[in-house]
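Heads up, the thing below is written out as C-alpha cells.
Numbering (the working numbering), first residue to last: 13 to 112.
Right, dumping it as C-alpha cells:
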C-alpha cells in the first residue's frame, strides 16, 4: 500500500537457506539472492568490532526513491525486535513527510 517496497537481500547463503524463512513467516515480498555479496557490501555499515560481511547481515536499511539510504539500524540479538518496531516507526514518519 503506501508507496513502499520491501525487499530482503540474502547474503551468500542461497535459496536453500532462505526457503524455510520465507515459508515459515509467509513472506510475500521479493527475496534477492546476493550469492557473491557484491550488492550487500555496497551498503555494508561500519560497526565497530564487526567485519562488514557480518555487520550487513544484522542491518536494516531504508532507501528513498532515488536509492539514497535515509535510515539504517542494526538488529540487536540481545533485544530481538521481531516486529521491527524502530524501522516501522521511522517508516511511518518518513511516509507522512512524503505525503505532505
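Idealized CB from N, CA, C, for every residue including glycine.
Residue from the options whose Cα sits closest to the Cα of residue i
i, options, result
"residue 46", "26, 105, 79, 15", "26"
"residue 39", "19, 52, 28", "19"
"residue 51", "106, 82, 97, 73", "73"
"residue 16", "80, 97, 75", "75"
"residue 21", "43, 53, 32", "43"
"residue 107", "86, 35, 77, 48", "77"
"residue 60", "41, 28, 86", "86"
The beta strand (DSSP E) enclosing residue i, as first and last residue numbers
i, result
"residue 76", "It is not in any beta strand (DSSP E) - residue 76 carries neither H nor E in the DSSP assignment."
"residue 81", "81-86"
"residue 18", "Run containing residue 18: none; DSSP gives neither H nor E here."
Residue i, buried or exposed, once every other Cβ within 10 Å from all chains shown has been counted against 16
i, result
"residue 23", "buried"
Boundaries (first-last residue) of the alpha helix (DSSP H) holding residue i
i, result
"residue 46", "No alpha helix (DSSP H) contains residue 46, which is instead part of the beta strand (DSSP E) from 43-46."
"residue 33", "27-37"
"residue 61", "Segment: none, residue 61 is in no alpha helix (DSSP H) and carries neither H nor E."
"residue 50", "50-54"
Integer Cβ distance of residue i from residue j, believed to fall under 8 Å
i, j, result
"residue 81", "residue 55", "7 Å"
Same chain, Cβ closer than 7 Å to residue i, neighbours up to 5 away in sequence not counted
i, result
"residue 98", "85"
Cβ-based neighbour list, residue i, same chain, cut-off 6 Å, excluding 5 preceding and 5 following
i, result
"residue 102", "83"
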